[in-house]
Amino acid sequence: MSLLIIVCMTPALVSLALQKQISIMHFHRQFLLYGFLWSMVLWACVSGKGGMAKVFSWPILRYFGFISFSLYLFHITAIKLLVTFVPDLTGAAWVALGMGVAIAHLTWTYIEKPSAKVRIR
5 MSLLIIVCMT PALVSLALQK QISIMHFHRQ FLLYGFLWSM VLWACVSGKG
55 GMAKVFSWPI LRYFGFISFS LYLFHITAIK LLVTFVPDLT GAAWVALGMG
105 VAIAHLTWTY IEKPSAKVRI R
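Structure representation (structure tokens):
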């Protein structure tokens, strides 16, 4: 239910449903509500029951969960490289996404995963 409410608070979807343009900042100040709703989504996943837990246990979503921090850190690098070297590329967003995922995968594989095994005594 929480995820449905979060989706319904997406300005692009609300604009589509209402057939009128709303500002992308329309729900911007709803920090407490978003925090509560996302905590409910996380709780549903962690509790291991229901459809949410099943969906978030899919291997592809687990993989993106592992590389998500690296993707967050390096997506701008992928975008900047693409804009710098191929400024007029058709489908640039998809190429940037692919580059970002590739960089994140390499970072996760060769930096994050090995450093997680290091223990400070």
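Take 5 as the starting number for the sequence shown in my numbering and just add one per residue. Even glycine gets a Cβ: it sits at the ideal position worked out from N, Cα and C. These figures come from a predicted structure and were not determined experimentally.
| query | result |
| --- | --- |
| Is the beta carbon of residue 65 less than 8 Å from the beta carbon of residue 108? | no |
| Hey, would you say residue 95 sits closer than 8 Å to residue 79, going by beta carbons? | no |
| Using a Cβ-Cβ cut-off of 6 Å (strictly less than) and excluding sequence neighbours within five positions of residue 37, which residues of its own chain qualify? | none |
| For residue 101, which option in 117, 83, 73, 111 has the closest C-alpha, if you only look at C-alpha atoms? | 83 |
| From the DSSP output, in three-state form, read off residue 45 for me. | helix |
| Taking residue 72 as the reference, give the member of 113, 33, 56 with the closest Cα. | 113 |
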